[in-house]
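K.L.:
Below you will find the structure I want to go over with you.
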């Protein structure tokens, strides 16, 4: 199988199709216009400059356009940069489709769906189970297709479902180790905690933030949703407000976006399990790019730390 | 007219009716039980000890009970303390009623209602006006009767409406000074910003927090309410999410309980007007207790500062 | 009337006179010298590059020089940039004067002076009134002509007086709403709070900081001035130290430059009114540059927030 | 079986043997000496006052003394307090022993030892395994008997081993979920991370801090130990410094006592797993004391939060 | 010579004269009034309770009153407390004077004066020297008699001069080690940095804060003084503003009371030398009270740390 | 004697030998490769661009290579930049050696060694003296040759010894002023506090950090070393743990890298003396580059402050 852009090293030449992810326009110090384009496919992404860009270029090479491209991978400020030799918009007869160019979760959508269904099936508290089922039904395919974030972690198709399913695995084990855990509540919190992102983010391909997302954030949006849905389902009882609390507090601290810190044991656990899965995802991606004995690039979402990969790492 | 408990100085004797606000039980260093009771009426409150309290005393003297009492005002650790000489539960024939013992706003409920109605009448944006009207109708008398908080500021009957009406006055003046202000939006934000407290606080007499208030807080609760109501009224358009943003951000910073800081001009103003009115209310109350040339007690909600009352203060 | 530089959009051509505000020298990556010049007039400012700059250019095109210029407005890194076609120093016969090129307050100097005089006239406390009068006399035209700051807010000619007069309007309204306010003290604090800037900033055209401004800051400088003046006027009594306190504490917190936080009610109000007027000024300027539905650039002095302009904004 | 002191409610009378945990001396407001004694057994602890204490009492009733006692459980400032009726030092013929009065882990020492041995057996990296084995051998019974801390979490006999074994369970599950984890390194880090406490704390019964503990803290002490031991075992290679790093960084942040934050994936995981197990232990203990529908006392080590126990909690 | 109150241990009896430093009134749990009096002499201070205090007692036993007293030293909450047996106001014929009861610097006033004069004599910069001389002349005996602070460090008669002279010694040595130091500037800064306290504190015996001290603080007060004095002396030149800067910045950070941080090398040094001398003074006092092998009480002004006195400390 | 690179101003031409300190590769906006090289000698350093760099250039011009170079000093972004005219690798017959190109302490190694020996000779406590002697012997020439840091302060050959010796001078004077200081302990702490850097830094010429340095930091590494050495020397007693504490706490606060803050008087002094010497070193270097009346560049390690050099500075 052909190598994707994320598998090309400095010095390689490239020939194939790529998706335009971002474009910005600039002027050289000599006043000539150029385009800076971020190309990507399912394996990764790379930046390129398009020198002496014409008005027509500007109109042709826009986000979500697929192009056929030949070029070379050079180095610019320590990072690989694509030098474009030829570039043209893809044609219908090229037979390429948007979905081919999107990174995907390492687990298939069907498997994720199955594991999710299984967890819901295990739940015994009828109120919690009904709310969860209603949400899963309401968001349907979006829940299984969306990324978990625009960047940082699980930022690929089905990333949200992958994140949920991983967290459910940890929750299951912790429920065995600490029998006092209310597993139903923890499961419900895990499944719903990030669903507000389905409204906060605009879509799977170009994951920017909606106005509602920018002005309210996914946490209060989801708290509201749970309230509305419980009302529609005519569910009453403490489960509703406690589930809202789990979602509200899952960032752990006011300064991290949770107006109330966790005040229920399962809320505290939800916060910690979320941290573990998000951090493991970020670390694995960063460490995969380097060799044993090297440090990763600085990871902004992990306090700007640079992690070391030990030499004795098993192969 | 008879002087209330808040108008008694050290050395005075007291005879009259008082409401029990709080009770707690203790043991003397010699192992004998006693009750610490916080008595109050519309003019203020004072603590007393009930020595050698019997089981019966414990059952009789509970919060919300009105009592007939004679006593003397002593000093304990620098503060006035009531020494109880006789005490008995009020009887129906005493002709006293709970509402007589509650502190009230300095402006009558009817006047507050009138001013509120007037402000709503001035609004031109139909969406904002309809939402505001619906809330005023929904909460009705509670909106006009509740305190604005359990402590700190406007913690008296009709305190919430008093706070809203004062803020509307400031908003009106600022709208004249800065014509770019969207007055309708600012008015709507002011009227709704604290309505979540009607659900967060348990009532007018004993203002403690509900479970929902403790686990979610009044801000996310009100954001949810606005969303639900707009849906019921079938109102669409940016007004809804922007009004939710005004409520969401009115504490100004994540660490003060607003997951998003103000990102709309009127949201920033709402935050500042709220600060002015709340602080003026706290300061006036604290400064009224002291004479020119003295410092107030430390005010916890104002960074624990102690304020000075100048000697040249006008009488 | 001819359009100023602040009213030119990308793609426009420009012909007219401009004032040089700042100049810095650079080298292209090919080692050739160029000048980066910030041009401005009363309507705004725009940057330009002067390529292949000679020694003579460096000596001619310096700050406070007026030039005749033709050019085009291009885009560079997302911002408009002036492309210079011809440039020459202005001649006496061009009939242009420095004052034409300076941004001015939206209210005339005479009106500002009148409102200021009126407020002083309203004051009843003789000590406070005499101190304020003496300062207004001492700084005379400078008080009416200076900007309020080198950047951030009211950074135009008469900006300081405009800021003072706006704050006085708010203070007047608050004094009506809260009768316990000592209006004389609040007025005096408002008029004097920023006068230290007359010494801190070097002038109206090029508003940089003096050594004294850099080493002491305008707050301690003004506290000192009040002390000296009161001594000269042989004024004694608490008014002097309390007025010094109002100035000292008006930034609100030690980490914001006030060694003592507000400890007088009117000091707290002065701080809050200052915030409102400064923020409204910053926000209006930033929001005027964008269309409804857009976000402003990040505003450094407002915690780096980017504000949204609602679509339903009145026209 | 007889009920322990932790199982007595207000109003109960008590008869039996108790261990003195802490003693302090006071004066009543009338100037008479008394002793405040903290009594405990394996089920909990309770405070008592010994009025009119003689010199002899002071010398008799000291920490680690076992006494025979009859009394009643009263309430003082909202907490249960033991009222002593009779008290006498235990005699050899009473047949009571110190170890009976110490709280113990819910899992037997033998089981903990077995699970620990099993985990070490699973390790494949010879260097890591040899270091871990050497430590387990060196600390022997202390490792299996000590508490994990003087207070906060796992503060009972075998608490350290219980904490280690729980963390190993979580680590095992995470290693399955995230195959990139170096399980040997994570296991080694978990087993060694808190062993420094064996030197920091003075013993099992009275767990106070040694001078070395106070001046250096358990983290640098353990880093030193690993270095010394590796030298003795003549083990070289990155494993040593990386294991030291895991111990050094396991508190997560400089301000929490780790001079370096985690810079290895397994170090980050060690920190998070430690948090989960410590917090679950604290929460379970606090929640066990209350009924559904109540809030726990404030938990200092959990940011002073008070947690809620839902009404729908399974029984 | 007779032992002072600071040299009495628990169990000792006391007979002699003491100065009343502070008095506060309280009520016992049985409602009886008592006085809590802080007695002191040149060697230390001790608290006592005066039970069943009459109105007359209240009027007699007030701050700055000297009394003849017999009593015993008991222990209360771990601290020594004086049990009063007899107490009477001192009479003229007792021949005791206020100054006998005040703690003094370990160096004589004359010696301090001499060293100060010497340092001024060494100065070569005429402007700096004239300003310093003028201040020393202006404050005269107060400078040599006042404490450096109301509490924390050098809180005894002549404490300010003692602090200045110690700092000058360190400055002299550093000037030799680092020849680039402007010794004149550093000396001037050291002599003037805390003189504002002469206005901030009310006197030598009862060192409370003046209104000016509370509202402005000693730093802005001294900056103002330097400005006024330089004007009177008709001294111009950078020395004045730089000296003001040294005083202004000597607390090091805005949040510690310096609106500008040190921006001159000698200002940075002044800050560090001040820290060393203040901390050594605090530590010596705290360590003198304990034996080798013990920890001091918590020192609030040193981040609440408790310091250890090593066993191998030389005697 | 010929002028070094640090003594060349803009406009000068340069001819001589230079050491390559750092090299990085870049691409011009036109896609052509170039090298950015940092050249240095004992007097300073300057950056240069090597345009149109070939593969061979990349292999030749690497760190630690000495080159013969002719060029001119231009200005680039306000800083001097070397324009390379000719460049060639140095040959054996050029007779130049690495050590000639390294900045050195202003005091000779022999003198530093002598002063160090003298201080150790003064010590009276046998345990402390033996440990210190053993370390001086163990590190021998490295101690006398290494810089104190990779950047910030004393970043030149023999910088560490220079830093130690300067601190010993201050310690000596303070011991005279405050006789309670344990001079032996303070001396020992000063000599050992930064020795961990001999392991943390990789060498004298290219001072980068070792893996151990990055994962553990010099403080825990040195605590470990002291422990090991004391064991080898069979020294027991509090001196060992207290010396470890001095090293551990010398950064003063947990967030600055000291897991325990100073809890011994001499530890607090060690921290303050370290601050003085490091800051004086940084300030002198920065102030030497500017003229009176100017501000230094911003100093990152001093809270990003820019310091002023007074006009009346002595010449």
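Residue numbers (my numbering), protein chains in the order written: chain A, 9 to 323; chain B, 9 to 323; chain C, 9 to 323; chain D, 9 to 323; chain E, 9 to 323; chain F, 9 to 323. Ideal Cβ positions, reconstructed from N, Cα and C, are used throughout, including at glycine.
Note the first and the last residue of the continuous beta strand (DSSP E) segment covering residue 25 of chain E.
P.N.:
By 1-based counting over the fifth chain, the position of residue 25 of chain E is 17. 21–35 is the extent of the beta strand (DSSP E) around residue 25 of chain E.
K.L.:
Apart from the five residues just before and just after residue 134 of chain C, which ones in its own chain have a Cβ nearer than 7 Å to its Cβ?
P.N.:
Here residue 134 of chain C corresponds to residue number 126 of the third chain, with the count starting at 1. Counting only Cβ-Cβ distances below 7 Å, and skipping sequence neighbours, we find nothing.
K.L.:
Cβ of residue 186 of chain E less than 8 Å from any chain D Cβ?
P.N.:
Working through the fifth chain from its first residue, we reach residue 186 of chain E at position 178. It does not; no Cβ of chain D falls within 8 Å.
K.L.:
Alpha carbon to alpha carbon, what distance is there between residue 129 of chain D and residue 261 of chain A?
P.N.:
The sequence position of residue 261 of chain A within the first chain is 253, counting from 1. The sequence position of residue 129 of chain D within the fourth chain is 121, counting from 1. Computed Cα separation, rounded: 40 Å.
K.L.:
So that I know if they touch, is there some Cβ in chain E lying closer than 8 Å to that of residue 308 of chain D?
P.N.:
Position 300 of the fourth chain, counting from 1, holds the residue named residue 308 of chain D. No, because no Cβ of chain E sits closer than 8 Å to the Cβ of residue 308 of chain D.
K.L.:
Alpha carbon to alpha carbon, what distance is there between residue 266 of chain F and residue 154 of chain F?
P.N.:
Sequence index remark: in the sixth chain, residue 154 of chain F carries index 146 (1-based). Sequence index remark: in the sixth chain, residue 266 of chain F carries index 258 (1-based). Using only the alpha carbons, I get a separation of about 23 Å.
K.L.:
Check whether the Cβ of residue 176 of chain A lies closer than 8 Å to any Cβ atom in chain C.
P.N.:
Indexing the first chain from 1 puts residue 176 of chain A at position 168. With 8 Å as the cut-off, residue 176 of chain A does not count as an interface residue toward chain C.
K.L.:
Please check the pair residue 205 of chain F and residue 224 of chain D, which I expect to be a contact at CB under 8 Å, by giving their CB distance rounded to whole angstroms.
P.N.:
For the purposes of this step, residue 205 of chain F is taken as the residue at position 197 of the sixth chain. For the purposes of this step, residue 224 of chain D is taken as the residue at position 216 of the fourth chain. With a Cβ gap of about 20 Å, residue 205 of chain F and residue 224 of chain D do not count as contacting.
K.L.:
So, with DSSP's three-state summary, where would you put residue 87 of chain D?
P.N.:
Numbered from 1 along the fourth chain, position 79 holds the residue referred to as residue 87 of chain D. Here residue 87 of chain D sits in strand by DSSP.
K.L.:
Locate the beta strand (DSSP E) running through residue 43 of chain F, then write down its first and last residues.
P.N.:
Residue numbering aside, residue 43 of chain F sits at position 35 when the sixth chain is read from its first letter. Unbroken beta strand (DSSP E) run through residue 43 of chain F: 41–49.
K.L.:
For residue 273 of chain B, return the contacting residues in chain C, with the cut-off set at a CB-CB distance below 7 Å.
P.N.:
As a first step, residue 273 of chain B must be located in the second chain, where it is residue number 265. Within chain C, the residues near residue 273 of chain B are 291, 295, 315.
K.L.:
Against chain H, which members of the stretch 217–228 of chain B pass a CB distance test of less than 9 Å?
P.N.:
The chain inventory of the structure shown lacks chain H, comprising the protein chains A, B, C, D, E and F.
K.L.:
Quick check on the burial criterion: 16 or more other C-beta atoms within 10 angstroms. Buried or exposed for residue 101 of chain B?
P.N.:
The sequence position of residue 101 of chain B within the second chain is 93, counting from 1. Residue 101 of chain B comes out exposed.
K.L.:
What are the boundary residues of the alpha helix (DSSP H) that includes residue 283 of chain D?
P.N.:
Residue numbering aside, residue 283 of chain D sits at position 275 when the fourth chain is read from its first letter. Per DSSP, residue 283 of chain D belongs to the alpha helix (DSSP H) from 273–296.
K.L.:
For residue 305 of chain A, which residues of its own chain have a beta-carbon under 6 Å away from its beta-carbon, when the five flanking residues on both sides are left out?
P.N.:
Stepping through the first chain from its first residue, residue 305 of chain A is reached at position 297. Cβ neighbours of residue 305 of chain A beyond the five flanking positions: none.
K.L.:
Please confirm whether residue 196 of chain C and residue 140 of chain C have their CB atoms less than 8 Å apart.
P.N.:
Indexing the third chain from 1 puts residue 196 of chain C at position 188. Indexing the third chain from 1 puts residue 140 of chain C at position 132. In contact: residue 196 of chain C and residue 140 of chain C (Cβ atoms closer than 8 Å).
K.L.:
Between the stretch 23–37 of chain B and chain D, which residues of the former have CB atoms less than 8 Å from a CB of the latter, in chain order?
P.N.:
From the stretch 23–37 of chain B, only 32, 33, 34, 35, 37 have a Cβ closer than 8 Å to chain D.
K.L.:
Going by beta carbon distance, what residues of the same chain come within less than 6 Å of residue 82 of chain F, once the five residues before and after it are set aside?
P.N.:
As a working mapping, residue 82 of chain F is identified with position 74 in the sixth chain. Contacts found: 89, 91.
K.L.:
Of the choices D:151, D:185, D:181, whose alpha-carbon is the least far from that of residue 169 of chain D?
P.N.:
The residue labelled residue 169 of chain D in the question sits at position 161 within the fourth chain. Selected option, being the one with the closest Cα: D:151.
K.L.:
8 Å is my cut-off, CB to CB: does residue 312 of chain E come that close to chain D?
P.N.:
By one-based count along the fifth chain, residue 312 of chain E stands at place 304. So, not an interface residue.
K.L.:
Hey, how far is the Cα of residue 231 of chain C from the Cα of residue 271 of chain B?
P.N.:
The residue you call residue 231 of chain C lines up with position 223 of the third chain. The residue you call residue 271 of chain B lines up with position 263 of the second chain. Between residue 231 of chain C and residue 271 of chain B, the C-alpha separation is close to 35 Å.
K.L.:
Can you give me the C-alpha to C-alpha distance between residue 98 of chain B and residue 278 of chain A, rounded to a whole angstrom?
P.N.:
Position 90 of the second chain, counted from the start, is the residue given in the question as residue 98 of chain B. Position 270 of the first chain, counted from the start, is the residue given in the question as residue 278 of chain A. Using only the alpha carbons, I get a separation of about 52 Å.
K.L.:
Which residues does DSSP list as the beta-bridge partners of residue 304 of chain D?
P.N.:
What you label residue 304 of chain D is simply residue 296 of the fourth chain in a count that begins at 1. DSSP lists no partner for residue 304 of chain D.
K.L.:
Any Cβ of chain E within less than 8 Å of the Cβ of residue 252 of chain B?
P.N.:
Translated into the one-based positions of the second chain, residue 252 of chain B becomes position 244. Judged by the 8 Å Cβ criterion, residue 252 of chain B is not in contact with chain E.
K.L.:
For a cutoff of 8 Å on Cβ pairs, would you count residue 245 of chain F as touching chain E?
P.N.:
Start at 1 with the first residue of the sixth chain, and residue 245 of chain F comes out as number 237. Answer yes: the Cβ-Cβ gap between residue 245 of chain F and chain E drops below 8 Å somewhere.
K.L.:
So, under 8 Å CB-CB, residue 192 of chain A and residue 244 of chain A are touching, yes? Tell me the CB distance rounded to an integer number of Å.
P.N.:
Stepping through the first chain from its first residue, residue 192 of chain A is reached at position 184. Stepping through the first chain from its first residue, residue 244 of chain A is reached at position 236. Residue 192 of chain A to residue 244 of chain A, Cβ: 17 Å. No contact.
K.L.:
In the DSSP output, what is residue 209 of chain D paired with across the bridge?
P.N.:
Here residue 209 of chain D refers to the residue found at position 201 when the fourth chain is read from its first residue. Answer by DSSP bridge pairing, in chain order: D:217.
K.L.:
So, for residue 136 of chain C: in the same chain, excluding its five sequence neighbours on each side, which residues have a beta-carbon less than 6 Å away from its beta-carbon?
P.N.:
Position 128 of the third chain, counting from 1, holds the residue named residue 136 of chain C. These residues qualify, in order along the chain: 192, 196, 247.
K.L.:
Kindly confirm or deny that the stretch 33–48 of chain A and the stretch 58–66 of chain A touch, where touching means at least three C-beta pairs closer than 8 Å.
P.N.:
Judged by Cβ distances under 8 Å, the stretch 33–48 of chain A makes contact with the stretch 58–66 of chain A, as three or more pairs qualify.
K.L.:
Per the contact definition of three or more C-beta pairs closer than 8 Å, is the stretch 117–125 of chain E in contact with the stretch 63–77 of chain D?
P.N.:
Segments in contact, no.
K.L.:
With a threshold of 8 Å between beta-carbons, can residue 143 of chain E be considered close to chain D, or not?
P.N.:
Residue mapping note: residue 143 of chain E aligns to position 135 of the fifth chain, counting from 1. Taking Cβ atoms only, chain D never reaches closer than 8 Å to residue 143 of chain E, which makes this a no.
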